[in-house]
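Note sheet for the following structure.
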Amino acid sequence: MYYGFDMGGTKIELAVFDNDLNQIWQKRLPTPKEDYQLLLNIFKTLTDEADALFNCQGKIGVGVPGIVNHQQGTVFTTNVPAAQYKPLIKDLTEKLGRPVKVENDANCFALSEAWDKEFIQYPTVLGLILGTGVGGGFVINGKVLSGKNGIAGEIGHMNLTLEANKILGDRVPQIVCGCGKTGCFETYLSGPGFERLYFSYTGENVSAVDIIQRYHQGEQDAILHVERYMNVLAMYLGNIVTIFDPDLLVIGGGLSQFDEIYRLLPEILPRHLYSIAELPAIEKARHGDSGGSRGAAFLQLGG
Ligand SMILES: [Zn+2]
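Laid out in structure tokens, this is it:
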């Protein structure tokens, strides 16, 4: 059995998977705001309940909304103040009486997709989230690449390039990102970034859903906007694919529902790649919102 915890700002979810990787149980409890011991107790309560229910000691992985420093065993997570800078890996390992792996939730998303029944054929997977923010994760032969500082896959915080500046022109908004830098791709390619760019060129405050509807209705501003957005996205992915050269690019988050991405990206991406490069498979995420706990459960897979 594999136990996957998704530690969010409001809920801690445990999902249990059998040895065929099918989810068989799930439970959520509220996340304690400030009290770290209370937070650890929630993990213990849910683990004890699952152990008793399935008469086993499941292998445990935890997805967190933040950066995991594997050298120190600590987490940096502003969304869960109770766990901020705490030695979560050591404390959970002691409390739950078994090895516990902890990873960034975007890495868990990528891992969840990499272990999908159809996607398992791809040895290297780039998971990209285009949602409230932009994040990602690299999976190599079923294992997450964390990196020295746990920041591998924090691809939303790469900085706008000369080429992107050319595409966006002089109306490109200068935005300070949540990470403190200006010009992070996240501020242009996330859902809010998609809306921000539309506003910047049209002066209209319109939701992403409405912009997409206008695009499908053939409105010129929306068509130009999607073209501009897709060009920046393709240029950005061209850089990342050049570094990692994945077999599969799988896209999640709210904007992943915009199906034009899967039609336009294969057309535009080759312009931003080495000429001999074949494109990776480009797919929409299969496991959506369950990615956090599902991927966390699979942290113990793959040796
Ligand atoms: Zn940033």
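Numbering (the numbering used here), first residue to last: 4 to 306. Heads up, the beta-carbon is just placed ideally off N, CA and C, and yes, glycines get one too.
I think residue i touches residue j, with their Cβ atoms under 8 Å apart; what is that distance to the nearest whole Å?
| i | j | result |
| --- | --- | --- |
| A109 | G139 | 6 Å |
| P90 | T77 | 6 Å |
| F247 | F141 | 6 Å |
| P249 | V128 | 6 Å |
| G134 | G11 | With a Cβ gap of about 14 Å, G134 and G11 do not count as contacting. |
| P283 | L251 | 6 Å |
| V253 | A288 | 6 Å |
| F112 | G136 | Not quite, the Cβ-Cβ distance comes to about 12 Å (not below 8 Å), so this is no contact. |
| K36 | A85 | 6 Å |
| E106 | G294 | With a Cβ gap of about 12 Å, E106 and G294 do not count as contacting. |
| Y5 | Q303 | 6 Å |
Is residue i buried or exposed, if buried means 16 or more other CB atoms sit within 10 Å of its CB?
| i | result |
| --- | --- |
| H219 | exposed |
| C59 | exposed |
| T50 | buried |
| T13 | exposed |
| P33 | exposed |
| N22 | exposed |
| E157 | buried |
| Y125 | buried |
| L114 | buried |
| G296 | Note that residue 296 is Ser in the sequence shown, not Gly. Answer is buried; the Cβ neighbour count reaches 16. |
| E16 | buried |
| R163 | In the sequence under discussion, the amino acid at residue 163 is Leu, which differs from the Arg named in the question. Its Cβ being crowded by 16 or more others within 10 Å, L163 is buried. |
| S278 | exposed |
| G221 | exposed |
| E189 | buried |
| E121 | exposed |
| D173 | exposed |
| N168 | exposed |
| L42 | buried |
| K93 | exposed |
| I45 | buried |
Review point. Any contact of the segment 181-190 with the segment 102-115, i.e. 3+ C-beta pairs under 8 Å?
Key: no
Which complete beta strand (DSSP E) runs does the segment 117-181 hold, if anything under 3 residues is left out?
127-133 and 137-143
Please give me, in chain order, every unbroken run of the alpha helix (DSSP H) with length at least 4 that falls completely inside the segment 208-289. 211-219, 223-247 and 263-271
If we require 3 or more residues per run, which beta strand (DSSP E) segments fall completely within the segment 18-87?
26-33, 62-67, 70-72 and 77-79
Q.
Contact between the segment 60-67 and the segment 25-45 is defined here as three or more beta-carbon pairs at a separation below 8 Å; is this criterion met?
A. no
| query | When the Cβ atoms of the segment 194-212 are set against those of the segment 226-238, are three or more pairs found closer than 8 Å? | reply | yes
I want to know whether the segment 237-244 touches the segment 207-223 - three or more CB-CB distances under 8 Å. no
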